[in-house]
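Numbering (this note's numbering), first residue to last: 152 to 658.
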Ligand code: GLU
């Protein structure tokens, strides 16, 4: 029997979630659900200097908003708890010790100044950019370069040390990536990464391998930016004797700017007129909030669908998928190798499609809170809202558009285009609306067909054509030159309000 699929999303709580991060979550989630597996959220918070309070909560809220809820996490727990690496601190040292004992890692006692000296003074023709590796290792203060008794003395005295991996020289480290196939790395190019820090906290490199092993992770899907670290991880799996349990890897392509030039950053988000972060986030530097996709009025399902298509397709040209369909159709092998361009206009297209395909009752539930934010208006009459939605949804791309496109159903609008009425106003028009308003007071069937018929019937006695009074009527009802059919508007706002809006202008 094959092993149960277990995947993880392992963010460091150092800030908000980037689009690429949410997509990594999504691909992990889809893969897990497609294989009846588990999706685990593990918080990789071993770098305390980069810790941002609130970031973990933000990540969990974001996952929940997207509907990509983990089976195991710091929040819900699970058989491998704790799921925060800082709370697992005591577990890692034994593995560092094991690596030292087997000669694959060593103690390094170098101070910050020693490291600076190395970078400054050890530059050679064959090593123009010195790092802690096979070139410099023997020139530094560590348990390989120093005699054993000196090392023991340093350890006995409690001298601070880190543990570093001893990267082999001229060895080809290979890994199979589900998206890229077999990738080879030259071990000589990789430095002796720190595995355990002076305070006993592991670095990401040791913790990610130990935890993927202990949590029985079968597939590790992460951003392409982790590819350069992969040889270190592959060697650690091997050195710890776990090679047979190593997860299958996939390194997901970057998400690029719309012009395809370079990785999408938060700054690009601002420059291009949208924040990349998916939710409200208190920027640790500025203390300001950045509205995200949720605040802009994206429907979570549309956002998730859009994300799925950033770097993947099913080969048929289909673009709209429910989450269940994505689970059924997604495959890691079809993820593109090249970066995916993020196009905000396309993101909005997805949302527009979702609005058209979502039933009006569901939309009413989404929009009511937005309407209620407008202090003067009560958005809780959901039946009425549904009728408004039916009339304006084809004009709406983001949820706040419903207010912009339909506020005049809920409040008497300010007249923004009075000139369009005034310029051609004359007695004929004044009399037309006066008489018709009187007719409306007793019109039996208040529906758009009968309203239009009575409007048409009023025209000849004033020598007017329909085109002479349609625009003024629209401006009376809407305040401006937009909106659905005027008689449909009148039907919905009702007799009293229609007559009042006409008489407001006549006066
Ligand atoms: N903690 C890493 C991050 O912040 C996780 C990388 C991985 O999935 O191995 O992205």
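Glycine included, each C-beta is placed from N, C-alpha and C at the ideal position.
Are there any heavy atoms of ligand 1 lying less than 8 Å away from the beta-carbon of residue i, as far as the coordinates show?
i	result
residue 682	The first residue shown for the chain is 152 and the last is 658, placing residue 682 beyond what the model contains.
residue 207	no
residue 159	yes
residue 364	no
residue 377	yes
residue 409	no
residue 195	yes
residue 237	no
residue 163	yes
residue 401	no
residue 355	yes
residue 371	yes
residue 203	no
residue 341	no
residue 478	no
residue 345	no
residue 383	no
residue 486	no
residue 359	yes
Which residues in the same chain as residue i place their Cβ atom closer than 7 Å to its Cβ, once the five residues preceding and following it in sequence are excluded?
i	result
residue 188	155, 156, 157 and 158
residue 263	none
residue 613	579, 582 and 583
residue 383	316, 341, 344 and 356
residue 256	247, 250, 314, 315, 316, 317 and 346
residue 537	511, 512 and 515
residue 186	156
residue 565	630
residue 173	213, 217, 429 and 458
residue 358	195, 197, 236 and 243
For the beta strand (DSSP E) containing residue i, name the first residue and the last one.
i	result
residue 402	399 to 403
residue 336	332 to 337
residue 316	313 to 316
residue 259	256 to 259
residue 584	Here residue 584 belongs to no beta strand (DSSP E); instead the alpha helix (DSSP H) covers 578 to 593.
residue 659	Outside the modelled stretch of the chain, which goes from 152 to 658, sits residue 659, for which no answer is possible.
residue 191	189 to 192
residue 323	323 to 328
residue 160	157 to 160
Leaving aside the five residues before and after residue i along the sequence, list all residues of the same chain whose C-beta is less than 6 Å from its C-beta, in chain order.
i	result
residue 480	465
residue 475	none
residue 224	192 and 234
residue 424	No answer about residue 424 holds up, because its pLDDT of 42 lies below 50 and its placement is not dependable.
residue 260	292, 305, 310 and 312
residue 655	none
I need the boundaries of the alpha helix (DSSP H) containing residue i, first residue and last residue.
i	result
residue 178	170 to 185
residue 272	263 to 272
residue 513	511 to 523
residue 350	Unbroken run through residue 350: none, as it is neither H nor E.
residue 248	244 to 252
residue 649	646 to 657
residue 625	617 to 629
residue 501	495 to 508
residue 663	Since the displayed the chain opens at 152 and closes at 658, residue 663 lies outside it and no answer follows.
residue 364	355 to 365
residue 572	569 to 573
residue 557	552 to 561
Excluding sequence positions up to five away, which residues of its chain have a Cβ less than 8 Å from the Cβ of residue i?
i	result
residue 323	335, 336, 337 and 338
residue 430	Residue placement at residue 430 is poorly supported in this model, since its pLDDT is 44, which falls under 50; the coordinates are not used for a value here.
residue 399	327, 329, 369, 370 and 371
residue 607	617
residue 254	317
residue 496	none
residue 605	587, 590, 591 and 594
Starting from the Cα of residue i, find the closest Cα among the options and give me that residue.
i	options	result
residue 657	247, 251, 572 and 277	572
residue 171	645, 553 and 460	460
residue 316	290, 307 and 284	284
residue 478	183, 165, 236 and 153	183
residue 206	162, 227, 249 and 565	162
residue 311	512, 325 and 293	293
residue 505	472, 524, 533 and 302	472
residue 319	286, 364 and 300	286
residue 190	230, 202 and 220	220
residue 653	589, 604, 609 and 611	589
residue 499	278, 456 and 640	456
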